[in-house]
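Going letter by letter, the sequence shown gives residues 1 to 151 in UniProt numbering.
The beta-carbon is built from N, C-alpha and C at its ideal position, and this holds for glycine as well.
Computed from a predicted model, the values in this text were never measured in an experiment.
Taking it in order: structure first as structure tokens, then the write-up.
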Amino acid sequence: MKADNLKNFIDKMAQENERKMNAEKRKKHFQEIGRKGGLRKKSEQQLSKVISFRLTDVEYEESQKKAQEFNLKLSAYSRMVHLQKELKVNEFETDKTLLNYGNNFVRITNLLRNREWNMFQNKKRILKEIQEVIDLIRKYLYSKMDERNKQ
């Protein structure tokens with residue numbers, strides 16, 4: 001009888017210990033993924049410091065207009081200007097423009113390969129130069145992507 005009671009007691013303690021360990025694992029799992037149902041906590045530093053400064057009405061309106069141009073809030077735009085990152089906002093516009101130019105050069109190349117354009121004597125040289133420009137645009141855009149991925 002005592003052996004059965006001792007065995008039951010040991011089994012209950014093992015089950016309780018296992019429940020505690022499972023609860024602790026679950027708690028750590030949810031701490032890891034964050035509070036919002038699966039969203040991970042941000043690994044980058046949170047914005048915690050405040051800098052305030054005064055502007056005239058004209059300066060404020062200009063800043064507001066520029067922030068709207070870039071589809072940013074005024075605080076984000078001001079932070080970028082303060083940290084001298086304003087040029088990085090314009091970078092994407094340059095990339096879009098280059099990508100459009102590259103697409104247009106490809107279209108021009110396809111048109112020149114058509115039979116109707118055989119009258120050009122220097123057609124091969126033009127196609128070669130267009131291909132070089134397309135390659136340069138691609139190299140530039142891919143190098144920018146690699147730089148962004150490294151950061």
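Between the CA atoms of residue 100 and residue 48 - distance to the nearest angstrom
40 Å
Within this structure, are the beta carbons of residue 84 and residue 109 separated by less than 9 Å?
no
Could you spell out where the alpha helix (DSSP H) holding residue 78 opens and where it closes?
74-82
With residue 52 as the anchor, note down where its alpha helix (DSSP H) starts and where it stops.
Per DSSP, residue 52 belongs to no alpha helix (DSSP H) and is neither H nor E.
Distance between residue 66 and residue 80 (C-alpha atoms, nearest Å)
12 Å
Length of the line joining the Cα atoms of residue 51 and residue 69:
23 Å
Ignore the nearest five residues each way along the sequence and tell me which others in residue 16's own chain have a CB closer than 6 Å to its CB.
none
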